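**Q**
Numbering (mature numbering (1 follows the signal peptide of the UniProt record, and there is no 0)), first residue to last: -23 to -1, 1 to 150.
(1) Looking at the structure shown, is residue 11 part of a helix, part of a strand, or coil, going by DSSP?
(2) Excluding sequence positions up to five away, which residues of its chain have a Cβ less than 7 Å from the Cβ of residue 51?
(3) Using only the alpha-carbon positions, how far apart do residue 116 and residue 103 sit?
(4) In three-state DSSP terms, what is residue 65?
(5) For residue 114 and chain C, any beta-carbon pair shorter than 8 Å?
(6) Between the Cα of residue 85 and those of 140, 99, 131, spot the shortest distance and give me the residue it belongs to.
(7) With which residues is residue 155 paired in a DSSP beta bridge?
(8) Among residues of its own chain, excluding the 5 on either side of residue 40, which ones have a beta-carbon nearer than 7 Å to its beta-carbon?
(9) If you reduce the DSSP assignment to three classes, tell me which class residue 78 lands in.
(10) Kindly indicate which residue of 37, 87, 31 has the alpha-carbon position closest to the one of residue 65.
(11) What did DSSP end up calling residue 107 once you bin it into helix, strand or coil?
(12) Among the candidates 122, -15, -20, 137, whose CA atom is the shortest distance from the CA of residue 61?
(13) Can you tell me which of 118, 81, 72 puts its alpha carbon nearest to the alpha carbon of residue 92?
See below:
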């Protein structure tokens, strides 16, 4: 035993406590808990409406190594771009900030309505790809190289992008 511990024990001897001092009084021992009603205000969860529209910048791209990664025919969701693709294929690449895995409102495979592009490009697209991480609030429309060089190449601002909700067929009531 060290000298310091010996001196502490000698100067401050441990006290013994009787077991009766530790027992609870009989009035406390007979009390039992009772249920108490608590009312908490319920706050409604605000969810973004499904028809919310986003204003984005759009460009056109075709699958080549200079515009994509080293495997240009495979998209980020694993889909393979058809060999005879065109603007009629209606595939879309979106910037990361628009994808749900990075906090955005859209998911791969989801249909979106795009309006405000060049003639013939407005319509319903399916999200299959992701743009380079340097882009924010942007979309890329898949076209083929001949279409792009034939006049579909461009950059459009103020494009309206929203989730596609097919209109329900009319039913007699």
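Just so you know, even glycine gets a beta-carbon here, dropped at the ideal spot from N, CA and C. As the structure is a computational prediction, the values presented were derived from the model and not from experiment.
**A** Looking at the atomic coordinates:
(1) Here residue 11 corresponds to residue number 34 of the chain shown, with the count starting at 1. Coil at residue 11, not helix or strand.
(2) As a first step, residue 51 must be located in the chain shown, where it is residue number 74. Result list for residue 51: 57, in chain order.
(3) For the purposes of this step, residue 116 is identified with residue 139 of the chain shown, where counting begins at 1. For the purposes of this step, residue 103 is identified with residue 126 of the chain shown, where counting begins at 1. Answer to the nearest angstrom: the Cα atoms are 12 Å apart.
(4) Locating residue 65 in the chain shown gives position 88, counting from the first residue. Residue 65 falls in the helix class under three-state DSSP.
(5) Note that chain C does not occur in the displayed structure, where there is just one protein chain.
(6) Your numbering for residue 85 matches position 108 in the chain shown. Checking every option, the nearest Cα to that of residue 85 belongs to 140.
(7) Look at the range of the chain in this structure, -23 to 150, and you will see that residue 155 is not part of it.
(8) Position 63 of the chain shown, counting from 1, holds the residue named residue 40. If we look at residue 40 and ignore the five residues flanking it on each side, its Cβ neighbours are 49, 50, 58.
(9) Against the chain shown, residue 78 aligns to sequence position 101. Residue state for residue 78 is assigned as helix, using DSSP reduced to three classes.
(10) In the chain shown, counting from the first residue as 1, residue 65 sits at position 88. Answer by Cα proximity: 37.
(11) Stepping through the chain shown from its first residue, residue 107 is reached at position 130. Three-state DSSP puts residue 107 in a strand.
(12) Residue 61 sits at position 84 when you count from the first residue of the chain shown. Checking every option, the nearest Cα to that of residue 61 belongs to 122.
(13) Residue numbering aside, residue 92 sits at position 115 when the chain shown is read from its first letter. Checking every option, the nearest Cα to that of residue 92 belongs to 118.
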